[in-house]
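Worksheet: the structure to be examined is printed underneath.
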Amino acid sequence: MNKDLQNLIQISKIDKEASAKEPEISAIEEELNLKVKELNSLESLIENIKNDIKKAKVDISNNELLIQENSEKISQIDKKITMAKSERELRALDAENGLAKEKITFANETIANIEKEIENLKEKEKINIKKIEELKNEIEKTKVSVEKKTSVIRDELNNIFDNKNKIAKTIDNKIIIFYEKIRKWAKDTSVVPVKKQACSGCNIKINDRVFSELSKSDSIVTCPHCGRILFIEQ
Ligand SMILES: [Zn+2]
Numbered sequence: 001m002n003k004d005l006q007n008l009i010q011i012s013k014i015d016k017e018a019s020a021k022e023p024e025i026s027a028i029e030e031e032l033n034l035k036v037k038e039l040n041s042l043e044s045l046i047e048n049i050k051n052d053i054k055k056a057k058v059d060i061s062n063n064e065l066l067i068q069e070n071s072e073k074i075s076q077i078d079k080k081i082t083m084a085k086s087e088r089e090l091r092a093l094d095a096e097n098g099l100a101k102e103k104i105t106f107a108n109e110t111i112a113n114i115e116k117e118i119e120n121l122k123e124k125e126k127i128n129i130k131k132i133e134e135l136k137n138e139i140e141k142t143k144v145s146v147e148k149k150t151s152v153i154r155d156e157l158n159n160i161f162d163n164k165n166k167i168a169k170t171i172d173n174k175i176i177i178f179y180e181k182i183r184k185w186a187k188d189t190s191v192v193p194v195k196k197q198a199c200s201g202c203n204i205k206i207n208d209r210v211f212s213e214l215s216k217s218d219s220i221v222t223c224p225h226c227g228r229i230l231f232i233e234q
């Protein structure tokens, strides 16, 4: 077999080995990514809680204002009552008075409810701040272990690529460039064996002419259907 082709087969095996390692790194990093994602969502939750508390406080002041307004109204009505000239006028003032009092009662109830809600929100905030602290600690620990695990794989990858470069140096550079071009789309199946006279990349049968060329040729032969580099397994 052509020496370049033999080396190319070696290189494609090495590339395959390397591309199997990359998902290992992402799988390890995924653990960290998930935690960071969780942290982000907890932080935005706290942000929302803070906004809700702010809004609730505005609600309370609005209700306090309502109470103040209606109290003033009541004292005005009280004055008017002392000066009322008819039974009818008195009844109307009484009704007005009752309405203002109702409004005050309702506003007081609303304030009490909002205050309860604020307390709940603050409790929720406290719980989530604690969760964030714990998660931040966990993230720091995970970062260290991820770094440890991935650096082992990165070292392995460096060794793999050193190996590849050593072999690549022995091959005509044009062939390497040609191979890398195919690799862009064919990935780990750029150099494939012929099985039962078919390209094992695209599984299409190779005609006799190409097959015999491949059997005896001393050059690099590609699949006429898909363009992958072919070899006959020995
Ligand atoms: Zn093919």
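1 is the number of the first residue of the sequence shown in my numbering; add one for each residue after it.
Cβ atoms here follow ideal geometry from the backbone N, Cα and C, with glycine treated the same way.
Values in this document were obtained by computation on a predicted structure and should not be read as measured data.
Proximity of the beta carbon of Arg183 to ligand 1 is not indicated: no heavy atom of the ligand is located closer than 8 Å. For Pro224, the CB contacts under 8 Å within the same chain, skipping 5 residues up- and downstream, are Ile206, Asn207, Val210 in chain order. Annotation: the continuous alpha helix (DSSP H) that includes Lys35 extends over 3-82. When the beta-carbon positions are compared, Ile139 and Val191 stay at least 9 Å from each other. Residue Leu8 holds the alpha-carbon nearest to the alpha-carbon of Lys166 among Glu109, Leu8, Asn113.
Judged by DSSP in its simplified three-state form, Val192 adopts strand. Below 8 Å, enough C-beta pairs join the stretch 8-17 and the stretch 170-180 to call them touching: three or more.
Just so you know, the alpha carbons of Lys50 and Ser41 end up roughly 14 Å apart.
For Ile104, the enclosing alpha helix (DSSP H) starts and ends at 87-169. Assigned with DSSP and collapsed to three states, Ile232 falls in coil, not helix or strand. In this structure, Ala198 lies away from Gly227, with their beta-carbon atoms at least 9 Å apart. Counting every other CB atom within 10 Å of its CB across the protein chains shown gives Ile175 a total of 16 or more, marking it as buried. If you check the C-beta of Ile204 against ligand 1, you find a heavy atom less than 8 Å away. At least one heavy atom of ligand 1 is found less than 8 Å from the C-beta of Val192.
Cβ neighbours of Leu93 within its own chain (closer than 7 Å, five residues either side excluded): Ile77, Lys80, Ile81, Ala84. Nearest neighbour of Asn120 by Cα position, chosen from Asp52, Glu31, Asp4, Ile160, turns out to be Asp52. Three or more beta-carbon pairs separated by less than 8 Å are not found between the stretch 101-109 and the stretch 139-152, which leaves the two stretches without contact. Burial check for Val144: the Cβ neighbour count within 10 Å stays below 16, so the residue is exposed. Here Thr105 is exposed: its Cβ has fewer than 16 other Cβ atoms, across all protein chains shown, within 10 Å.
Arg91 and Ile67 have their C-alpha atoms roughly 23 Å apart. When the alpha-carbon of Lys130 is set against those of Ala20, Leu45, Leu32, Lys141, the nearest one is in Leu45. In its chain, beyond the 5 residues on either side, Leu8, Ile11, Ser12, Ser190, Val191, Ile229 have a beta carbon closer than 8 Å to the beta carbon of Tyr179. About 10 Å separates the CB atoms of Ser217 and Ile232; that is not less than 8 Å, and the two are not in contact.
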